[in-house]
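Participant:
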Amino acid sequence: MARKPSTGADRVRAGRVALSVPSTFAQYKTLLAKDLQQEFRTKEMLTSMGIYALLVLIVYGAALGQTAQATDVLQLSGGLLWALIVFTSLLGLNRSFNHEKEQGCMEGILLVPMDRSVIFLAKATSNLLFLLVVEVIAVPLFWFFFLTTAQPGPDFMLMAVPLAVGTIGVAGIGTLLSTITVNTRGKDVMLAVLFVPLIFPLLYACASATTAVVVGAEGYLDVFTQSMALAGGYDVIMLLVSWVLYDFVISA
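So, in structure tokens, the structure goes:
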């Protein structure tokens, strides 16, 4: 029996069957690699955040230069450190969507048939990595300038836990809010107005936990545990809310 010759439509259908849709993880890796390559090529975000953190430390030094007792700075260390992190992160978050806005990349990304939450995860991860890089530089400098003459608590290295938990929350919530404000007039002020009140419970819990382990006063582990439970619960709730709302926010 003679074989029926294939038509163009058959070949098109065969070609469509052969096509494979990238997995969600592959899409996530592609978007994350785009952000990392863009930043490592220009270094605009890391440079600006690093210089800003250094300038804040200089201001701290001028303001606290007349402090007579090292314990005064020790008691304030958690609040001062987290003020440094929050204000530095605001500068970075304001710039996180600059490339997409200026080059029109966001419109192209939105044309791709993908889950919008993948965009959120990739951008939040890149913001988290950039914040961690700046913290790796800023936290030792803060310690060197203000706490070398103080006597920290025995478990002061536990301060890495609130730093990690707090930075995750800052990156996730900040990514959602920077997406909301990227096309608004006066986006720098608008992001700060939305970000600071929303992040306040996390900031309070992480500053309390950091101060508790640095000072090492009686019952500090109880304060640390309670504060970290509050910060962890806040992170879980707000990150889930941000993930759910991101499709609506970026599509709007």
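So in our numbering, spot 70 of the sequence shown is number 73, and the numbers just go up one at a time.
Don't be surprised by glycine CBs; every beta carbon is placed ideally from N, CA and C.
Would you be able to state if there are at least three C-beta pairs under 8 angstroms between the segment 235 to 243 and the segment 218 to 227?
Facilitator: no
Participant: Can you confirm whether the segment 53 to 66 touches the segment 130 to 149 when touching is taken to mean that 3 or more C-beta pairs between the two stretches lie within less than 8 angstroms?
Facilitator: yes
Participant: In chain order, which continuous runs of the alpha helix (DSSP H) of length 4 or greater are located wholly inside the segment 187 to 253?
Facilitator: 190 to 218
Participant: Closer than 7 angstroms by C-beta to Leu134: which residues in its own chain qualify, once you throw out the five before and the five after it? Chain order, please.
Facilitator: Ser92, Gly95, Thr170, Val173, Ala174
Participant: Out of Leu131, Ser120, Leu233, Phe149, which has the shortest C-alpha to C-alpha gap to Gln69?
Facilitator: Phe149
Participant: Let me make sure I understand the geometry here. Which of Tyr31, Leu83, Val76 has the alpha-carbon closest to that of Ala153?
Facilitator: Val76
Participant: Terminal residues of the continuous alpha helix (DSSP H) containing Lys32?
Facilitator: 27 to 45
Participant: So, helix, strand or coil for Ala174, using DSSP?
Facilitator: helix
Participant: To the nearest angstrom, how far is the alpha carbon of Tyr31 from that of Leu67?
Facilitator: Looking at the two C-alpha atoms, the distance is approximately 44 angstroms.
Participant: If you reduce the DSSP assignment to three classes, tell me which class Asp118 lands in.
Facilitator: coil
Participant: Go through its chain and collect everything with a Cβ distance to Asp250's Cβ below 8 angstroms, but skip five positions before and after it.
Facilitator: Asp118, Arg119, Ser120
Participant: Answer with buried or exposed for Leu166, where buried requires no fewer than 16 other C-beta atoms within 10 angstroms of its C-beta.
Facilitator: buried
Participant: Please classify Val142: does DSSP put it in a helix, a strand, or coil?
Facilitator: Here Val142 sits in helix by DSSP.
Participant: In angstroms, rounded to a whole number, what distance separates the CA positions of Leu179 and Phe227?
Facilitator: 28 angstroms
Participant: How big is the Cα-Cα spacing for Asn186 and Val252?
Facilitator: 12 angstroms
Participant: For Val62, which option in Leu83, Phe159, Thr27 has the closest C-alpha, if you only look at C-alpha atoms?
Facilitator: Leu83
Participant: Just how far apart, CA to CA, sit Val89 and Leu131?
Facilitator: 13 angstroms
Participant: Can you give me the C-alpha to C-alpha distance between Leu60 and Leu79, rounded to a whole angstrom?
Facilitator: 14 angstroms
Participant: Are His2 and Gln40 touching if we call contact CB-CB under 8 angstroms?
Facilitator: Residue 2 lies beyond the range of the chain shown here (4 to 255); nothing can be said about it.
Participant: What number of angstroms, rounded off, separates the C-alpha of Ala36 from the C-alpha of Arg44?
Facilitator: 12 angstroms
Participant: Among the residues of its own chain, which have a CB less than 6 angstroms from the CB of Pro155, if the five just before and after it don't count?
Facilitator: Val217
Participant: Count the other C-beta atoms from every protein chain shown that fall within 10 angstroms of the C-beta of Phe147, then say buried if there are 16 or more, exposed otherwise.
Facilitator: exposed
Participant: Less than 8 angstroms between the C-beta atoms of Leu201 and Ser181, yes or no?
Facilitator: no
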